[in-house]
Amino acid sequence: MPTAKLLQRFPTVIATVVMASAAGGGATAQANTPSATRHRQFLPLIALLVTFVFADSGASWAQGAGPTDPQIAAIVVTANQVDIDAAKLAKSTSKTKDVRDFAQLMITDHGGVNKAAAALVQKLHVTPEPNPTSESLQKAGDDNVAALKKLQGHDFDKAYVDHEVAYHQAVIDAIDKTLIPSAHNAELKALLTKARPAFVAHLDHAKQLQTELSKGGV
Amino acid sequence: MRFLAGALVAAILTASAAAGPGKEFIVTIEGMQFHPEQLTVHRGDHIVWVNKDLFPHTATAARVFDSGSIAADGSWSYTAAKSGEYAYSCTFHPTMKGKITVQ
Numbered sequence: 603m604p605t606a607k608l609l610q611r612f613p614t615v616i617a618t619v620v621m622a623s624a625a626g627g628g629a630t631a632q633a634n635t636p637s638a639t640r641h642r643q644f645l646p647l648i649a650l651l652v653t654f655v656f657a658d659s660g661a662s663w664a665q666g667a668g669p670t671d672p673q674i675a676a677i678v679v680t681a682n683q684v685d686i687d688a689a690k691l692a693k694s695t696s697k698t699k700d701v702r703d704f705a706q707l708m709i710t711d712h713g714g715v716n717k718a719a720a721a722l723v724q725k726l727h728v729t730p731e732p733n734p735t736s737e738s739l740q741k742a743g744d745d746n747v748a749a750l751k752k753l754q755g756h757d758f759d760k761a762y763v764d765h766e767v768a769y770h771q772a773v774i775d776a777i778d779k780t781l782i783p784s785a786h787n788a789e790l791k792a793l794l795t796k797a798r799p800a801f802v803a804h805l806d807h808a809k810q811l812q813t814e815l816s817k818g819g820v
Numbered sequence: 044m045r046f047l048a049g050a051l052v053a054a055i056l057t058a059s060a061a062a063g064p065g066k067e068f069i070v071t072i073e074g075m076q077f078h079p080e081q082l083t084v085h086r087g088d089h090i091v092w093v094n095k096d097l098f099p100h101t102a103t104a105a106r107v108f109d110s111g112s113i114a115a116d117g118s119w120s121y122t123a124a125k126s127g128e129y130a131y132s133c134t135f136h137p138t139m140k141g142k143i144t145v146q
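Sequence order for the protein chains is H and Y.
Numbers 603 to 820, taken from my numbering, label the letters of the first sequence in order.
Numbers 44 to 146, taken from my numbering, label the letters of the second sequence in order.
See below:
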């Protein structure tokens with residue numbers, strides 16, 4: 603089976619295998635490699651995992667069907683919450699004002715989206731339903747925070763911002779390809795449509811920070 | 044009857060005085076954009092920014108006006124005082140830009 607096809611069908615499994623091999627490699631190199639360098643090596647893989655988690659959403663549903671509205675609600679809430687969790691850590695850990703400001707923006711904006719989502723599910727009498735995508739998202743978010751906790755200074759800033767770029771790109775793709783097309787309720791679809799421009803602005807903002815960090819400008 | 048007509052005129056005059064002279068213009072903030080992006084008004088006109096997004100924004104022109112944080116579903120009003128062209132943005136989301144021309 604070609605790699606692309608394989609990724610399409612079993613992305614999470616492959617990502618997990620990649621993560622496990624990376625962890626194994628890290629253990630072998632432990633004697634001579636500083637801890638921060640080891641963790642830095644793993645972070646791009648975690649960012650990759652986020653992409654796979656969303657890419658996996660197409661494979662997780664019954665053939666020809668997307669997630670249901672209660673499942674979409676759980677995906678939206680979890681996607682926002684894991685970014686808030688990472689931002690809270692960044693706000694308290696980073697020594698760079700631009701990174702802390704960005705983190706505060708993520709807390710405020712994603713909090714706003716989740717508040718609106720909570721109000722909508724209450725109005726529609728929908729209970730968010732955990733599903734493989736929301737659960738994988740939660741795990742990827744927890745792994746990201748755990749990896750970031752081992753870093754500091756420039757290594758932390760770079761890893762946090764790199765992850766934010768990958769995360770926002772993955773969320774935009776999921777909104778466009780899975781969530782909006784699958785949403786049945788018009789108000790849920792409208793909420794997703796309304797939230798989308800914020801994710802695009804955040805992605806641009808994160809990319810700008812990424813460039814500044816690579817130049818040592820912040 | 045004459046008393047009622049007088050009261051009506053007084054009520055209308057009071058309402059006008061409360062709004063102040065000048066027209067009112069609405070700038071809607073939605074989808075991370077100011078609508079309209081460019082607006083021309085006259086001195087004394089009122090511009091009201093209404094935030095229809097899910098999170099706070101600002102309308103800020105350095106050293107001219109600054110709304111501070113406008114909450115989701117909140118609004119902020121500014122009375123154009125001085126002629127000129129004023130580029131403004133949202134301090135939280137610098138990609139959001141607008142321009143007010145005061146004649």
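Ideal placement from N, C-alpha and C gives every residue a C-beta, glycine not left out.
Model, not experiment: these values are computed from the prediction.
- Identification of residues in the region 706-719 of chain H having a C-beta nearer than 8 angstroms to some C-beta of chain Y yields Leu707, Thr710, Asp711, Gly713, Gly714, Val715, Lys717 and Ala718, given in sequence order.
- When DSSP states are grouped into helix, strand and coil, H/Leu726 belongs to the helix group.
- Between Y/Pro79 and chain H, the shortest Cβ-Cβ separation is not below 8 angstroms.
- For H/Leu781, no beta strand (DSSP E) encloses it, and the DSSP letter there is neither H nor E.
- Inclusion of Y/Gly141 and Y/Phe77 in the CB contact set at 8 angstroms is warranted, their separation being smaller than that value.
- For Y/Thr122, the uninterrupted beta strand (DSSP E) segment begins and ends at Ser118 to Thr122.
- Taking 8 angstroms as the cut-off, the beta carbon of Y/Ile143 is found closer than this to the beta carbon of Y/Tyr129.
- For H/Glu789, there is no enclosing beta strand (DSSP E); the enclosing alpha helix (DSSP H) covers residues Ala788 to Lys817.
- In summary, the residues of the region 95-116 of chain Y whose CB is separated from some CB of chain H by less than 8 angstroms are Asp96, Leu97, Phe98, Pro99 and Ala115, in the order they occur in the chain.
- With respect to H/Phe704, H/Leu811 sits close: the two C-beta atoms are nearer than 8 angstroms.
- The way I'd put it, the region 717-730 of chain H does touch the region 783-803 of chain H; three or more beta-carbon pairs between them come closer than 8 angstroms.
- C-alpha of H/Val701 to C-alpha of H/Ala681: approximately 20 angstroms in a straight line.
- Residues of chain H with a Cβ closer than 7 angstroms to the Cβ of Y/Phe135 are, in chain order, Leu707.
- At a cut-off of 8 angstroms, the C-beta of H/Lys796 has a neighbouring C-beta in chain Y.
- Straight across, the Cα-Cα distance linking H/Pro734 with H/Gln740 is about 10 angstroms.
- In the DSSP assignment, H/Asn746 forms no beta bridge with any residue.
- Counting C-beta pairs closer than 8 angstroms gives fewer than three between the region 81-91 of chain Y and the region 690-700 of chain H, which falls short of the contact rule.
- Residue contact with chain Y for H/Ala792: absent (no Cβ-Cβ distance below 8 angstroms to any residue of chain Y).
- With respect to chain H, the C-beta atom of Y/Thr144 has no partner C-beta closer than 8 angstroms.
- Boundaries of the alpha helix (DSSP H) around H/Thr680: Asp671 to Thr695.
- Your pair Y/Val107 and Y/Ser126 does not check out as a contact, with CB atoms roughly 12 angstroms apart and the cut at 8 angstroms.
- Inclusion of H/His712 and H/Ile677 in the CB contact set at 8 angstroms is not warranted, their separation being larger than that value.
- It is roughly 10 angstroms from the alpha-carbon of H/Val684 to the alpha-carbon of H/Ser736.
- In this structure, H/Val747 keeps its C-beta atom at 8 angstroms or more from the C-beta atom of H/Lys809.
- Under a 10 Å Cβ-count criterion, H/Pro730 is classified as buried, with 16 or more other Cβ atoms of the shown protein chains found around its own Cβ.
- Take Y/Lys66, set aside five residues on each side of it, and the residues of its chain with a beta-carbon closer than 8 angstroms to its own are Val84, His85, Asp88 and His89, in chain order.
- Annotation: the continuous beta strand (DSSP E) that includes Y/His89 extends over His89 to Asn94.
- When the alpha-carbon of H/Asp806 is set against those of H/Asp764, H/Gly755, H/Ile777 and H/Pro732, the nearest one is in H/Asp764.
- For Y/Phe68, the enclosing beta strand (DSSP E) has its first and last residue at Glu67 to Glu73.
- For Y/Tyr129, the beta-bridge partners assigned by DSSP are Y/Ile143.
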